[in-house]
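*Asks:* For the sequence shown, the positions run 0 to 377 when numbering that gives the first Met the number 0 is used. Every residue, glycine too, gets a C-beta built ideally from N, C-alpha and C.
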Amino acid sequence: MNLSSKSKDLEGIKELKSELKDLRARLAQSEENLSQLRDLAAREDAQRDINEAKTNKSMNDLATEVFARIQAEEKLKASEQHLLDAIESLQEGFALFDKDDKLVLYNEEYVRLHAFMGDFLKLGNSFEEMVRYNVKRGKILTAIDREEDFVKERVQLHRNPSGPIIRAWEHGTWYIINESKTPDGGIIQTFSDITDLKRAEEQISHMANHDALTGLPSLRLGKDRLTSAVAHAHRHDSKVALMFVDLDGFKEVNDTIGHDAGDEVLVGVAKRLTDCVRETDTVARIGGDEFTVVITEVSDKDAIANVAKKIIDSVSEPFILSDGAAQTTIGASVGIAIYPDHGKNAEALVRLADKAMYTVKRRGKNNYVFVDEIDPED
Numbered sequence: 000m001n002l003s004s005k006s007k008d009l010e011g012i013k014e015l016k017s018e019l020k021d022l023r024a025r026l027a028q029s030e031e032n033l034s035q036l037r038d039l040a041a042r043e044d045a046q047r048d049i050n051e052a053k054t055n056k057s058m059n060d061l062a063t064e065v066f067a068r069i070q071a072e073e074k075l076k077a078s079e080q081h082l083l084d085a086i087e088s089l090q091e092g093f094a095l096f097d098k099d100d101k102l103v104l105y106n107e108e109y110v111r112l113h114a115f116m117g118d119f120l121k122l123g124n125s126f127e128e129m130v131r132y133n134v135k136r137g138k139i140l141t142a143i144d145r146e147e148d149f150v151k152e153r154v155q156l157h158r159n160p161s162g163p164i165i166r167a168w169e170h171g172t173w174y175i176i177n178e179s180k181t182p183d184g185g186i187i188q189t190f191s192d193i194t195d196l197k198r199a200e201e202q203i204s205h206m207a208n209h210d211a212l213t214g215l216p217s218l219r220l221g222k223d224r225l226t227s228a229v230a231h232a233h234r235h236d237s238k239v240a241l242m243f244v245d246l247d248g249f250k251e252v253n254d255t256i257g258h259d260a261g262d263e264v265l266v267g268v269a270k271r272l273t274d275c276v277r278e279t280d281t282v283a284r285i286g287g288d289e290f291t292v293v294i295t296e297v298s299d300k301d302a303i304a305n306v307a308k309k310i311i312d313s314v315s316e317p318f319i320l321s322d323g324a325a326q327t328t329i330g331a332s333v334g335i336a337i338y339p340d341h342g343k344n345a346e347a348l349v350r351l352a353d354k355a356m357y358t359v360k361r362r363g364k365n366n367y368v369f370v371d372e373i374d375p376e377d
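#1: Identify whether S125 lies in helix, strand or coil by the three-state DSSP scheme.
#2: Is S161 closer than 9 angstroms to I175 when the C-beta atoms are compared?
#3: Taking 9 angstroms as the threshold (C-beta atoms), are I329 and G248 in contact?
#4: Pick out whichever of I311, D21, E372, P317 has its Cα sitting closest to the Cα of I337.
#5: Hey, how far is the Cα of N124 from the Cα of Q90?
#6: With DSSP as the reference, identify every bridge partner of E178, one or two as the case may be.
#7: Once the 5 residues before and after V134 are set aside, which same chain residues still bring their CB inside 8 angstroms of it?
#8: Express the C-alpha separation of G323 and M356 in angstroms, rounding to a whole number.
#9: Quick one: what's K101 bridged to in DSSP?
#10: Examine the Cβ distances between the stretch 242-259 and the stretch 312-327 and report whether three or more of them are shorter than 8 angstroms.
#11: Hey, out of G342, T189, T358, A207, whose CA is closest to S460's CA?
#12: Expressed to the nearest angstrom, what Euclidean distance is found between the alpha-carbon atoms of G214 and K138?
#13: Within 10 angstroms of its Cβ, does K20 collect 16 or more other Cβ (buried), or is it exposed?
#14: Suppose you measure from the CA of D99 to the CA of N106; what does that come to, to the nearest Å?
#15: Compute the beta-carbon to beta-carbon distance between A269 and V282, rounded to the nearest angstrom, for a pair I have assumed lies under 8 angstroms.
#16: Are the beta-carbon atoms belonging to V333 and V368 less than 9 angstroms from one another?
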């Protein structure tokens, strides 16, 4: 082998070493790049896991929130239904008007109480329209002859509730209406039929102010009527006569025929006394066999005397008892006092008429006398 050939071999070895070195360098770089790629992939996997965890949590949170909202809506619907059921079960009529006074809710009892409205009772109608409908058809007695004023007053009262309203409607029905504002400006209205209660009150009032046997005004109501009559006479410069009527011989009826017969006689006396006076006058039973007669707008003593004579003659007619087998006769002693001639107030008239009546009793009964005709010796 010559020298030139050896030189070429050395150069080839150098080149080979250089290439090998480059190859090693590239391999190292590739390994570094691969390591970086692996790290990147690992980080991406980790981030993906994190993102997936976050996504899963968000989905779980969303599902929980949706479920909670569904439950809340179901509870709200259930509550609303319970409220509607409660409203429907009320014994009172119930209605709700919105802030514009439009009808937005009512129950079946409200419909029943307003059955006369027919198809006019519907959602969307205003309160004023409903009032006008009722007034136009004469349903509300207190609105008669003042329809427009009533509508204005009722609408104003509806928009500014201040307490229960009691109304008399046609056919003798009575209602109590309660209204209150809602937070959003609407109005809640309850409507109750109190007709039976009013009738019971009227019956109690009648019993308290009327004699149970004869149906005449009692002592209390008789005094009230006398006081009112005197006040009216004072304002109009007129006269009022008060008669005290005591039955003569009535005790004997009870003692000889019995109390049932006595009751019949009292009922008969009440009718006869009432028939002797005008509807504007008042006959009252103030005791067992005592009555008062208040005569208003009298002209003079002669007119009053004529009424007294009529009463005595009527009461003195025989009473035929219901069994038809017995009859009895009684009389009447009548004392009379006149406003303002004899007394200036109701109390004075009562005292003076009573005094005059007892004077008749002492004189022989079955007659009449004015208090100013009493002899001082009586």
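*Replies:* So, from the listed chains and residues:
#1: Of the three classes helix, strand and coil, the one that applies to S125 here is strand, per DSSP.
#2: no
#3: yes
#4: E372
#5: Each residue's alpha carbon lies about 23 angstroms from the other.
#6: Note: E178 sits in a beta bridge opposite Q188.
#7: A142, E146, F149, V150
#8: 33 angstroms
#9: S125
#10: yes
#11: Since the first residue shown for the chain is 0 and the last is 377, residue 460 is missing from the structure and cannot be characterised.
#12: 32 angstroms
#13: Taking all protein chains in view, the Cβ of K20 is surrounded by fewer than 16 other Cβ atoms within 10 Å, so the residue is classified as exposed.
#14: 20 angstroms
#15: 7 angstroms
#16: Taking 9 angstroms as the Cβ cut-off, V333 and V368 qualify as a contacting pair.
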